[in-house]
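Residues in the sequence shown are numbered consecutively from 26, following our numbering.
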Amino acid sequence: MLTFKLNNRHLIRAREVASTGALRTERYLWMQDTLRTLIADAMPRATDGDAGYTAHALLAAIHIDLVEELLASGSTSDQIRHSQAAFARAVIADVPRRDSRC
């Protein structure tokens with residue numbers, strides 16, 4: 026998904042910025058639910074709430090505003106991809122388990 030956004034920044038910007046309630050669109054809800062399901066499948070003891078929040082957080086990390094800011098600050102597409110992968114691994118590794126307490 027990040028690669029698509031990097032390659033189509035102008036289209037993505039128009040879609041993400043022009044849309045009011047972007048987190049409520051059918052497309053976003055589908056992406057969030059798909060990611061939540063993948064997280065829940067990978068970590069079956071994670072709570073539904075934690076898997077859902079994690080999905081939102083991972084999607085926020087590839088929002089076009091952040092991607093464009095990173096590019097404008099001198100990051101390359103490869104650096105952003107590497108950082109995003111490291112972030113996703115770190116977040117997934119830290120998803121609370123059903124039996125843990127905060």
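The C-beta atom is built at its ideal place from N, Cα and C for all residues, glycine as well.
These numbers come from a predicted model, not from an experiment.
**Q.** Cβ neighbours of Q109 in the same chain (closer than 8 Å, five flanking residues each side left out)
**A.** Closer than 8 Å at Cβ, skipping near neighbours: L27, A86, I87.
Q: Answer with buried or exposed for D75, where buried requires no fewer than 16 other C-beta atoms within 10 angstroms of its C-beta.
A: The residue in question, D75, is buried, as its Cβ has 16 or more Cβ neighbours within 10 Å.
Q | Own chain, CB closer than 7 Å to F112, minus 5 neighbours either side, in chain order | A | For F112, the CB contacts under 7 Å within the same chain, skipping 5 residues up- and downstream, are A86 in chain order.
Q. Is any beta-carbon of chain D found at less than 8 Å from that of S108?
A. In the displayed structure, chain D is absent; only one protein chain is listed.
Q.
Less than 8 Å between the beta carbons of W64 and T79, yes or no?
A. Per the sequence shown, residue 64 should be read as Ile rather than Trp. Judged by beta-carbon spacing, T79 lies within the 8 Å limit of I64, meaning their Cβ atoms are closer than that value.
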